[in-house]
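Here the structure is laid out as structure tokens; the discussion comes afterwards.
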Amino acid sequence: MLLNLGFQGESILVLQDNLSRGNLGAVKVLQEIFPEPGRLQFIYADLGDAKAVNKIFSENAFDAVMHFAAVAYVGESTLDPLK
Numbered sequence: 001m002l003l004n005l006g007f008q009g010e011s012i013l014v015l016q017d018n019l020s021r022g023n024l025g026a027v028k029v030l031q032e033i034f035p036e037p038g039r040l041q042f043i044y045a046d047l048g049d050a051k052a053v054n055k056i057f058s059e060n061a062f063d064a065v066m067h068f069a070a071v072a073y074v075g076e077s078t079l080d081p082l083k
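For the sequence shown, counting from 1, position 82 maps to 82 in full-length UniProt numbering; every step adds exactly one.
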């Protein structure tokens, strides 16, 4: 998807995830696709943690932000939709 969105050239990708449902292996795959030093930054943080999110935005100048976070399990997401 990143390649389809035009993630190329001098772009820097910053990934944020709390890995509650994620997989660090997927981050490692992206590191192999974009091996240039500094091209990919992974931040372990929860979007529900306002202090962590504020820190991320204060330390980075983003051109764009895409939010893909969601609970992948339908039962859990319907029982607790604000999680």
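Ideal Cβ positions, reconstructed from N, Cα and C, are used throughout, including at glycine.
DSSP has residue i in a bridge; who is on the other side?
i	result
Val14	Gln41
With a threshold of 16 other CB atoms inside 10 Å of the CB of residue i, please say whether the residue is buried or exposed.
i	result
Asp17	buried
Leu13	exposed
Apart from the five residues on each side of it in sequence, which residues of its chain come closer than 7 Å, Cβ to Cβ, to residue i?
i	result
Phe34	Leu13 and Leu40
Q: Give, in chain order, every unbroken run of the beta strand (DSSP E) that is at least 3 residues long and sits entirely within the region 19-69.
A: 40-44
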